[in-house]
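Undergrad:
2 protein chains.
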Amino acid sequence: MKKRFQTVHIIAGILFFVALSAGQALAQEKARVLHQRTLPLPYGASDALKELIARTPQTDVGVHAQRTTFKTKEQWLQFIQRADGFGAAQVDLMIGRYEVEVTEEQISGVTVRTVQPQSIDPKNKNRLFIHIHGGAYVLGAGKVGLGEAIIIAHRARIPVLSIDYRMPPGHPFPAALHDVVTVYKHLLKKHPAGSMALGGTSAGGGLALASIHKFIKLGLPVPAAVFAGSPWSDLTKVSDSYFINEGVDSVLVTNDGLLEGAAKLYANGHDMKDPLLSPVYGDAAGFPPTYFVTGTRDLFLSNTVRMHRKLRAAGIAADLNVYEGMSHADYLFAMDAPESKQVFEELRVFLLQHLQ
Amino acid sequence: MKKRFQTVHIIAGILFFVALSAGQALAQEKARVLHQRTLPLPYGASDALKELIARTPQTDVGVHAQRTTFKTKEQWLQFIQRADGFGAAQVDLMIGRYEVEVTEEQISGVTVRTVQPQSIDPKNKNRLFIHIHGGAYVLGAGKVGLGEAIIIAHRARIPVLSIDYRMPPGHPFPAALHDVVTVYKHLLKKHPAGSMALGGTSAGGGLALASIHKFIKLGLPVPAAVFAGSPWSDLTKVSDSYFINEGVDSVLVTNDGLLEGAAKLYANGHDMKDPLLSPVYGDAAGFPPTYFVTGTRDLFLSNTVRMHRKLRAAGIAADLNVYEGMSHADYLFAMDAPESKQVFEELRVFLLQHLQ
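Same order as they appear, the protein sequences are chains A and B.
In terms of the numbering used here, the first sequence is numbered consecutively and its last residue is 359.
In terms of the numbering used here, the second sequence is numbered consecutively and its last residue is 359.
#1: Taking all protein chains shown into account, do 16 or more other C-beta atoms lie within 10 angstroms of the C-beta of B:Ala156, making it buried, or fewer, making it exposed?
#2: Whole angstroms is fine: what's the gap from B:Phe353's alpha carbon to B:Tyr140's?
#3: For B:Leu131, I'd like the list of residues in its chain whose CB is within less than 8 angstroms of its CB, leaving aside the five on either flank, ordered along the chain.
#4: For B:Met437, does the three-state DSSP call read helix, strand or coil?
#5: Quick one: which unbroken alpha helix (DSSP H) runs of 4-plus residues sit fully inside the region 92 to 173 of chain B? Chain order, please.
#6: I'd like to know whether the C-beta atoms of B:Val36 and B:Ala91 end up nearer to each other than 8 angstroms.
#7: Between the beta-carbon of A:Val229 and the beta-carbon of A:Thr293, is there less than 8 angstroms?
#8: Within 10 angstroms of the Cβ of B:Val340, are there 16 or more other Cβ atoms? Answer buried if so, exposed if not.
#9: If we cut at 8 angstroms on Cβ distances, does B:Ser242 have a partner in chain A?
#10: Just the Cα atoms here: how many angstroms apart are B:Arg360 and B:Gly138?
#11: Leaving out five residues on either side along the sequence, give the residues of the same chain with a beta carbon under 7 angstroms from the beta carbon of B:His216.
#12: With B:Arg40 as the anchor, note down where its beta strand (DSSP E) starts and where it stops.
#13: With DSSP run on the structure shown, which of helix, strand or coil describes A:Arg300?
#14: Pull out every residue of the region 199 to 231 of chain B whose Cβ sits closer than 7 angstroms to any Cβ of chain C, in chain order.
#15: Per DSSP, what kind of secondary structure is B:Leu358 in: helix, strand or coil?
#16: At a Cβ threshold of 8 angstroms, is A:Arg254 touching chain B?
#17: Looking at the structure shown, is A:Met310 part of a helix, part of a strand, or coil, going by DSSP?
#18: Please report how far the alpha carbon of A:Ala1 lies from the alpha carbon of B:Thr41, in whole angstroms.
#19: Using the Cβ count rule (16 or more neighbours within 10 Å means buried), how would you classify A:Ser111?
#20: List the whole-angstrom C-beta distance separating A:Ser214 from A:Val183, where the pair is believed to meet the contact cut-off of C-beta under 8 angstroms.
#21: With DSSP run on the structure shown, which of helix, strand or coil describes A:Glu348?
#22: Could you tell me which of B:Val115, B:Gly289, B:Ala159, B:Pro224 sits nearest to B:Lys192, measuring between CA atoms?
#23: Given that B:Thr41 touches chain A, what residues does it touch there, using C-beta distances under 8 angstroms?
#24: My guess is that B:Asn258 and B:Arg300 are in contact by the Cβ rule of under 8 angstroms, so how many angstroms apart are they, rounded?
#25: So A:Ile56 and A:Ser343 are supposed to be a Cβ contact under 8 angstroms. How far apart are they, rounded?
#26: Sort B:Tyr46, B:Arg85, B:Glu348, B:Ser236 by Cα distance to B:Gly328 and report the nearest one.
#27: Go ahead and pull the three-state DSSP assignment for A:Gly318.
#28: How many whole angstroms separate the CB atoms of A:Pro172 and A:Lys74, which I take to be in contact at a CB cut-off of 8 angstroms?
#29: If you follow the beta strand (DSSP E) that B:Gly232 is part of, which residue opens it and which one closes it?
#30: Which residues share a DSSP beta bridge with B:Ala200?
#31: For A:Arg70 versus A:Gly260, is the C-beta spacing smaller than 8 angstroms?
#32: Within the 8 angstroms Cβ cut-off, does A:Leu279 reach chain B?
#33: Let me make sure I understand the geometry here. Which of A:Lys220, A:Val256, A:Ile153 has the alpha-carbon closest to that of A:Thr59?
#34: Any idea what DSSP makes of A:Phe353, helix, strand or coil?
#35: Have a look at B:Ala30 and B:Leu358 and give me their C-alpha separation to the nearest angstrom.
#36: Run down chain A in chain order and give the residues with a C-beta less than 7 angstroms from the C-beta of B:Tyr269.
Structure (structure tokens):
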């Protein structure tokens, strides 16, 4: 009997191995090989966006990956310092240009900055947009992450509170999520959930969506609306557009190097398919109405549309907008382009529709 | 004085030529060269869609273009006969499977077919979905174009009237448009515009959108809702996704060959940027609420999102849905896939929302 059992197991093992090999062969065989091609400037985009694309030199995918592969904490910190140094100057220019008032405070040890625009829509007087900055969970600390908060305050004519959440290498997951929860719980004491929106772009969009999962888990009332700009809804490299738009996206270029490294650094050994890290894997029941933005050249096009479909399949009011020729978050880089104006004009309308 | 005038003109001419050359050089230089890449099966798609992709052999772009380049009327007719022969058998199977009742009639010389589903939503009893079949303006004549009409009738639980509009090579533009207008005017005598929807996929979506332009021009009341599935909103090869998704889309493969040829055959010398041929170029003011569907692998992804943005910029309620891993109109080929069910379930809800 024992021998027979063993034999069955060996046969099962062989079959399993054969099936596995066949499965791998099938997957390999079924991968499509895409030929080299030429991509002209996007005819259907605005002149401003075309100009941005035209003056952005194409980066070789391999070179980009190599340049942005950091192996030590020191290399990460050097990169962060260099990249954020550039961003800080931009934010100071924007504060002047849009004449917003920025004030800083601490909420239970978390730094937040309130951005008051010159003109607030009377309906938004007692409302709040909670902003979560992007930057692959490593960039945008301090004032550097305020660019998007400023443009939202100015264009959607609403007070914005931006959370300066902790990040790796010093503070990996779940520090950032904890900081968002801390601030949100504090805000709930003064603001009804229905008077608040939550959102951001890239890692900011991903963290906003992950925070909604967390709020629901904690039994907190969710905000009335979410803005998910090209959200990093999946930290693993499985989305169609990671492959299709590699080298097409002039902002992110590829997942290899920076993004892959930052995801690992942030997840810090946690399962990347945890909805609190990759919100696309969670249950979308109970999510607030969500406004999505992406572009045809966006490496995160699929991260965006997968999350949009997830919400829609759960019966949530989710609104998707895909801009012709836009790479990841281009609306934050070509702020005077008609595309950027439309993104935030429609955010303004979306907030007026859903905030109480 | 005359000499000076000539000199100025010659200099201006040289400058113009130099500027032109520089512009061309810039455009050439700014075109991105995309490296060869491998595209795995789309992890985020349903198993059914992945299976469809896995069992569809990859077609070489050049081979596809060569095989589908038809130079004479006879070659076109041969191709149409061969392709439609396959489609006819599918439609007969569908009529049986979904137990719809199909009746044929003539409206001022235009053949139309009414598809009555087994079960009609009580709210849709006196409503009508006017269906315009796809097929690159050459395929789908007769019963062949009914596949989508059947699935809409069945899943949206609404009576469907499908227009068997005239097509090239015998009847190029504007014959098809005239047929739609003829039928619509006739239907308006019995049905309030607000009780009707109009739509279809691919050329059907394009022709539906072009028809709205025409209705507005003619001062006719527009239908209450439009369904634009991966619409051929632009007959010219300018959309970003023509380049990005060439060889990625397993249905259309490329614009070269069939699509390029069919566009020329249909336009028959008319300016392809005429909104009645390429509706994306028209003024979207006055359009009805429109429901858009496309996929990340769709050659017409940009044709879809450009039209969506056009409507949104004009303040029209337009709803965009992009499915992970879907090629052009895959929801009509993988009808049992969850993606296909969602497409038509949300169409059902959209129609209930907007039809009176």
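Backbone N, C-alpha and C fix where the C-beta goes; we use that ideal spot for every residue, glycine too.
TA: Reading from the atomic positions:
#1: With 16 or more other CB atoms across the displayed protein chains lying within 10 angstroms of its CB, B:Ala156 is buried.
#2: Approximately 27 angstroms between the Cα atoms of the pair.
#3: Counting only Cβ-Cβ distances below 8 angstroms, and skipping sequence neighbours, we find Ile161, Pro162, Val163, Leu164, Leu190, His194, Ser198, Met199, Ala200.
#4: With chain B represented from 4 up to 359, any question about residue 437 of chain B goes unanswered, as that position is not in the structure.
#5: Whole alpha helix (DSSP H) segments, 4+ residues: 150 to 159.
#6: The answer is no: Cβ separation not under 8 angstroms.
#7: For A:Val229 and A:Thr293, yes; Cβs fall inside 8 angstroms.
#8: The residue asked about is misnamed: residue 340 of chain B is Ala in this sequence, not Val. Answer is buried; the Cβ neighbour count reaches 16.
#9: Contact of B:Ser242 with chain A is assigned, a C-beta pair being separated by under 8 angstroms.
#10: Within the shown structure, residues of chain B are numbered from 4 to 359, placing residue 360 of chain B beyond reach of any answer.
#11: Result list for B:His216: Pro278, Leu279, Pro282, Gly285, in chain order.
#12: From DSSP, the beta strand (DSSP E) with B:Arg40 extends over 40 to 42.
#13: Collapsing the DSSP output to three states places A:Arg300 in coil.
#14: Here chain C cannot be found, since the structure's protein chains are A and B.
#15: DSSP places B:Leu358 in coil when its eight states are reduced to three.
#16: Here the sequence assigns Val to residue 254 of chain A, which means Arg is not the residue at that position. Under the 8 angstroms criterion on CB atoms, A:Val254 is classed as non-interfacial with respect to chain B.
#17: Residue state, collapsed to three classes: helix.
#18: Examination of residue 1 of chain A is not possible in this model, given that chain A is present from 4 through 359 alone.
#19: By the 10 Å Cβ count, A:Ser111 comes out exposed.
#20: Contact holds; Cβ gap of about 5 angstroms.
#21: Shown here, A:Glu348 sits in a helix according to DSSP, grouped into three states.
#22: The shortest CA-to-CA distance from B:Lys192 to any of B:Val115, B:Gly289, B:Ala159, B:Pro224 is the one to B:Pro224.
#23: Here the neighbours are Ala34, Arg35, Val36, Leu37, Phe246.
#24: About 15 angstroms separates the beta carbons of B:Asn258 and B:Arg300, which is beyond the 8 angstroms limit, so they are not a contact pair.
#25: At roughly 14 angstroms, the Cβ-Cβ gap does not stay under 8 angstroms, so A:Ile56 and A:Ser343 are not in contact.
#26: Its Cα nearest to that of B:Gly328, the residue B:Tyr46 stands out among B:Tyr46, B:Arg85, B:Glu348, B:Ser236.
#27: It is coil, neither helix nor strand.
#28: Cβ atoms of A:Pro172 and A:Lys74 stay farther apart than 8 angstroms, at about 12 angstroms.
#29: Segment 228 to 232, the beta strand (DSSP E) holding B:Gly232.
#30: DSSP lists B:Phe132, B:Ala228 as partners of B:Ala200.
#31: Yes.
#32: Judged by the 8 angstroms Cβ criterion, A:Leu279 is not in contact with chain B.
#33: Nearest to A:Thr59 by alpha-carbon distance, out of A:Lys220, A:Val256, A:Ile153, is A:Val256.
#34: Reduced to three states, the DSSP call for A:Phe353 is helix.
#35: Caution is warranted here: a pLDDT of 49 is assigned to B:Ala30, below 50, making its placement in the model unreliable, and no coordinate value can be reported.
#36: Going along chain A, no residue has its Cβ under 7 angstroms from B:Tyr269, so there is no contact; the nearest lies around 21 angstroms.
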